[in-house]
Amino acid sequence: MFKQAHKNLQQWYRENGRHELPWRQTNDAYPIWVSEIMLQQTQVKTILERFYFPFLKKFPTLQDLANAREDEVLKQWEGLGYYTRARNLHKTAQICQNKLPETVSELVALPGIGQSTAHAVAAFAYKTPVPIMDANVKRILYRVFGVKKANDKALWQMAYKLFDEEHPFEYNQAMMDIGSLLCQAKQTDCDNCPFSDVCKAKLDDPLLYPEKKRKKRVPIRSKHIVIHEHNNKFALRQRETRFLNGMWGFIEHDEEQELEPIGTIKQLYSHFHLHATIYHSTSVVEEEVVWYSKKEIETLALSGADHKAFALLKT
DNA sequence: TAGTCGTGGGA
DNA sequence: TTCCCAAGACT
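Whatever position you read off the first sequence (first residue = 1), add 2 for our numbering.
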């Protein structure tokens, strides 16, 4: 059915694929898995420039990661966001120890590995002949099949229909690259696309596929963050909440404080916007806290908002 | 199933 | 500025 398209795709991939991506330069499942977790909801550029190499330098092997403390893993993840990814990465390393499993069913049972990542690891690390599914692939599927709306089940069915069982590894890598380079969310290059002859959306307007769901505005939440200082040390707590779990931060209040603010910060999260007023205090702290020097704080994993707050104090 | 979970790139 | 959205998982 897609024989000619598959042939076009193989040639396109040989000539235009992103072969230089570092996680394509290895057969080791460990760095491939790390890259897949990092790349969840995160752009390639960000991972490539700031996180992939430092993380692997700090934890070169699966065992090194398993033997690390969770605090160390979170520190390496600092600034990347979705910190549950880091804690699940650590958990999975401790479960597997020597080697990541090869099958989709075993992989998907591990913390932080869903259907999408399980297929990606199986396909890229172990060359298992299964199709992958991610934002790039989804966009191509919507367009090739001319579908504006679909659930996961329908998308997986389309993925298996379009799949090239003869050259699964190259096909999957190519799908990522076509989605990233040609079949983008807001821009297409249909003239150079291997699916040009079979794409249904090309007959219409590709940018109308998939249908955009209008987002709801996120609420603004106000907080009051107090940086307590005593003997050149600062009061921090390690969060035990679901939000930013495991991350260190200064003392937060919902209510306005009887202090002179040193400034305000804004932090944009996915589901709310934070407007925080920052205070500096030398009075006693009633909450249970840990006191750290400025140098010690640099070794802790802090969220973006806490970094902004602390920066206000230092200037 | 819809909400929760971070941050930054780019238009 | 404001918005979308990027190699999703979990509840």
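We put the CB at the ideal spot given by N, CA and C, even for glycine. Values in this document were obtained by computation on a predicted structure and should not be read as measured data.
Candidates the options: closest to residue i by CA position
i, options, result
"residue 222", "256, 34, 7, 149", "256"
"residue 167", "282, 130, 99", "130"
"residue 253", "219, 312, 213", "312"
"residue 158", "103, 169, 170, 144", "144"
"residue 268", "241, 60, 197, 227", "227"
"residue 239", "231, 248, 233, 232", "248"
"residue 62", "262, 34, 47, 291", "34"
"residue 209", "224, 216, 229, 188", "188"
"residue 8", "206, 173, 304", "173"
"residue 263", "303, 22, 225", "225"
"residue 299", "229, 23, 288, 21", "229"
"residue 275", "261, 306, 295", "306"
"residue 287", "113, 25, 235", "235"
"residue 243", "297, 214, 86", "86"
"residue 291", "270, 207, 316, 241", "241"
"residue 20", "132, 47, 214, 31", "47"
"residue 32", "108, 45, 10, 128", "128"
"residue 295", "316, 289, 277, 310", "316"
"residue 132", "146, 97, 177, 207", "177"
"residue 206", "114, 78, 297, 149", "149"
"residue 126", "23, 245, 270", "23"
"residue 30", "104, 78, 15, 10", "104"
"residue 310", "277, 289, 297", "277"
Under 8 Å between C-beta atoms of residue i and residue j
i, j, result
"residue 314", "residue 251", "no"
"residue 92", "residue 58", "no"
"residue 124", "residue 139", "no"
"residue 18", "residue 179", "yes"
"residue 164", "residue 102", "no"
"residue 117", "residue 110", "yes"
"residue 190", "residue 183", "no"
"residue 27", "residue 84", "no"
"residue 304", "residue 80", "yes"
"residue 82", "residue 55", "no"
"residue 119", "residue 38", "yes"
"residue 142", "residue 121", "no"
"residue 151", "residue 213", "yes"
"residue 13", "residue 169", "no"
"residue 319", "residue 147", "Residue 319 cannot be examined here, being either before or after the span of the chain that is shown, 3 to 317."
"residue 60", "residue 78", "yes"
Between the CA atoms of residue j and residue i - distance to the nearest angstrom
i, j, result
"residue 272", "residue 219", "10 Å"
"residue 196", "residue 281", "57 Å"
"residue 136", "residue 259", "45 Å"
"residue 6", "residue 154", "27 Å"
"residue 41", "residue 200", "29 Å"
"residue 175", "residue 279", "46 Å"
"residue 293", "residue 237", "5 Å"
"residue 89", "residue 181", "29 Å"
"residue 204", "residue 302", "50 Å"
"residue 285", "residue 232", "8 Å"
"residue 112", "residue 3", "36 Å"
"residue 36", "residue 50", "12 Å"
"residue 156", "residue 283", "56 Å"
"residue 261", "residue 308", "19 Å"
"residue 96", "residue 162", "33 Å"
"residue 192", "residue 211", "14 Å"
"residue 202", "residue 194", "16 Å"
"residue 76", "residue 215", "33 Å"
"residue 186", "residue 114", "27 Å"
"residue 108", "residue 297", "42 Å"
"residue 198", "residue 25", "28 Å"
"residue 246", "residue 217", "23 Å"
"residue 10", "residue 270", "42 Å"
The ligand SAM heavy atom lying under 7 Å from the CB of residue i
i, result
"residue 224", "Among the components of this structure there are no ligands whatsoever, and the ligand SAM is therefore not found."
Going residue by residue through the stretch 152-194, where are the continuous alpha helix (DSSP H) segments of at least 4 residues, counting only ones entirely within it?
154-164, 170-183
Counting only runs that start and end within the stretch 40-124, where is the alpha helix (DSSP H) found for 4 or more residues in a row?
54-60, 64-69, 72-79, 86-98, 106-109
Where in the stretch 219-271 do unbroken runs of the beta strand (DSSP E), each at least 3 residues long, occur, reported from the N-terminal end onward?
222-232, 235-240, 253-255, 263-270
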